[in-house]
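With the sequence shown counted from 1, adding 1 to any position gets you the numbering used here.
Ideal Cβ placement from N, Cα and C applies to all residues, glycine included.
Small disclaimer: the values here were computed from a predicted structure and weren't measured.
Written below as structure tokens is the structure these notes are about.
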Amino acid sequence: MSTVNARAFSAAQDFLLGAKKFWTTQMYPLLREQDQALETKTPVAERMQTSDLYPFYAWMERHLQRMKYAGRYGLVPWHETQRPALEAALARQDVPTVAGFQVPAYYPSFDVHQHPGGLMGDGLAGFVYERGARSTTPLDKHFDLHHRFTRQVGAFTKPQRILDLGCGFGKSTRPFAQQFAQAQVTATDLSMPCLKLAQHLDAQENIDKVRYLQADACATGLANASYDLVTSTMLLHELPTTHLAELFAQAHRLLEPGGWTVHLDFLPQVQPGADAFTHFIHAGHAKRNNEPYMPSLAAFDLKGHLQSLGFTDIRITPFAENDQALDSHYRFWRFPWTVVQARKPL
Ligand SMILES: C[S@@+](CC[C@H](N)C(=O)[O-])C[C@H]1O[C@@H](n2cnc3c(N)ncnc32)[C@H](O)[C@@H]1O
2 MSTVNARAFS
12 AAQDFLLGAK
22 KFWTTQMYPL
32 LREQDQALET
42 KTPVAERMQT
52 SDLYPFYAWM
62 ERHLQRMKYA
72 GRYGLVPWHE
82 TQRPALEAAL
92 ARQDVPTVAG
102 FQVPAYYPSF
112 DVHQHPGGLM
122 GDGLAGFVYE
132 RGARSTTPLD
142 KHFDLHHRFT
152 RQVGAFTKPQ
162 RILDLGCGFG
172 KSTRPFAQQF
182 AQAQVTATDL
192 SMPCLKLAQH
202 LDAQENIDKV
212 RYLQADACAT
222 GLANASYDLV
232 TSTMLLHELP
242 TTHLAELFAQ
252 AHRLLEPGGW
262 TVHLDFLPQV
272 QPGADAFTHF
282 IHAGHAKRNN
292 EPYMPSLAAF
302 DLKGHLQSLG
312 FTDIRITPFA
322 ENDQALDSHY
332 RFWRFPWTVV
342 QARKPL
């Protein structure tokens with residue numbers, strides 16, 4: 002039984018968040034400045050071999066995240082101390098599984114985000130993930146990028162039937178349910194602990210219109226042409242290339258003519274001023290955060306694939322997660338947020 006009390010746990014997590022802010026706002030800009038000052042054309046990986054700062058930068062990225070989840074003050078042991086109450090909260094949630102559901106082999110084969118056991122390994126995995134996600138973007142106090150994204154979607158379409166793929170604990174789904182008050186909303190994920198938590202959190206926010214389903218985003222079994230918006234947030238980079246290709250084929254099948262598929266994810270090449278350093282840092286993040294499919298998403302010909310499926314109005318554009326993020330003088334580390342949108346022709 003853990004001897005960690007709530008105060009010690011909070012203090013340790015606050016310390017880790019403070020260290021992550023230091024990494025984001027001090028270490029990363031300094032590393033970039035130092036690299037830009039080098040007058041050499043050698044590849045970035047070679048330049049980093051001679052950097053005194055890069056090993057500390059990389060160590061911090063890997064191990065702050067590891068300590069967030071595991072170790073004496075980690076999220077996993079802390080939630081273990083609350084197990085009976087948390088399990089009781091979820092016991093009341095019933096989420097259906099689609100017929101023929103299978104967990105794709107890649108999904109449980111590594112600890113995504115360094116989350117021990119991943120998102121399906123334990124009944125409390127959703128709670129652990131939700132708490133961990135609060136500090137994923139350490140500068141965003143209110144973590145409102147999901148609302149920014151839904152507002153951006155609302156600027157070009159007013160959907161009536163929305164499908165949110167890879168919904169996690171509903172963080173991406175609730176803003177759609179709130180912004181498009183008239184719309185019916187379906188949300189799917191592989192992780193039952195996340196889906197149950199999503200439904201539990203909806204109930205706390207008096208949202209009762211989302212239908213959660215356990216389903217592979219690439220094999221939902223939902224009816225043809227039954228949605229006018231198929232969306233995802235931070236799902237594409239979690240899919241192997243074959244799944245990625247299937248996801249868009251399925252979005253095309255599920256959309257009615259005129260419907261939109263719109264995804265918020267990470268593409269370094271789309272960012273203003275992206276260079277070899279940007280790509281190196283992104284690939285390093287993928288390794289250090291256990292995100293094996295981030296590089297294959299960056300290399301995938303999304304536009305060509307969408308065109309080959311018959312989509313039109315294809316736009317792949319950088320997304321500003323805060324008001325300054327896309328300014329040329331913005332110096333802090335950030336995810337290469339990108340919106341991918343396309344329309345099924347009428
Ligand atoms: C980074 S999380 C994002 C969750 C949520 N959309 C959000 O914005 O907070 C990615 C989610 O995709 C889910 N996922 C990964 N592969 C999936 C698949 N093939 N089908 C459905 N969900 C999947 C994971 O379980 C996880 O909940």
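Cβ neighbour criterion (16 or more within 10 Å) applied to residue i
i	result
Ala343	buried
Glu34	exposed
Arg152	exposed
His283	buried
Thr189	buried
Leu347	exposed
His253	buried
Leu39	exposed
Pro194	buried
Thr187	buried
Met2	Residue confidence is low: Met2 scores 49 on pLDDT, short of 50, so the model does not pin down where it sits. Its coordinate-derived value is still stated next. Exposed is the call here.
Phe233	In the sequence as displayed, the identity of residue 233 is Ser instead of Phe. Looking at its Cβ environment, which holds 16 or more other Cβ atoms inside 10 Å, Ser233 is buried.
Gly311	exposed
Arg335	buried
Per-residue DSSP class, three states only, for residue i
i	result
Leu91	helix
Glu292	coil
Ser309	helix
Ala216	coil
Trp24	helix
Val271	helix
Thr242	helix
Thr221	coil
Trp334	coil
Ile163	strand
Met2	Note that Met2 scores a pLDDT of 49, beneath 50, so its modelled location is shaky; the value from the coordinates is reported in the next line. Met2: coil per DSSP, three-state reduction.
Integer Cβ distance of residue i from residue j, believed to fall under 8 Å
i	j	result
Leu256	Lys345	4 Å
His201	Leu91	6 Å
His147	Ser173	5 Å
Tyr228	Gly259	With a Cβ gap of about 11 Å, Tyr228 and Gly259 do not count as contacting.
Leu327	Pro273	6 Å
Leu240	Ile163	Rounded, the Cβ-Cβ distance is 20 Å, inconsistent with contact.
Leu196	Val96	4 Å
Leu307	Leu245	Wrong, their Cβ atoms sit about 11 Å apart, outside the cutoff.
Of the listed residues the options, nearest to residue i (C-alpha basis)
i	options	result
Met68	Asn290, Gln205, Phe333 and Asp165	Asn290
Phe301	Ile317, His286, Thr313 and Gly311	Ile317
Arg332	Leu32, Phe320, Ala12 and Phe10	Leu32
Gly72	Leu54, Leu87, Val104 and His116	His116
Tyr130	Ala46, Glu40 and Ser192	Ser192
Ala106	Phe278, Ile208, Asp217 and Lys22	Asp217
Phe23	Ala38, Glu62 and Val5	Glu62
Phe249	Leu140, Val271, Leu230 and Cys219	Cys219
Phe278	Thr41, Val186, Glu81 and Ile208	Thr41
Tyr70	Met235, Ala226, His114 and Tyr213	His114
Lys210	Phe181, Leu236 and Leu237	Phe181
Ala126	Ala13, Asp141 and Pro109	Pro109
Thr26	Leu140, Pro56 and Gln103	Leu140
Gly118	Phe150, Thr138, Pro78 and Gln103	Pro78
Residue i at chain D interface by Cβ criterion, 9 Å
i	result
Thr232	In the structure shown, chain D does not exist; there is a single protein chain.
Any non-hydrogen atom of ligand 2 closer than 8 Å to residue i Cβ
i	result
Met61	Ligands displayed in this structure: ligand 1; ligand 2 is not among them.
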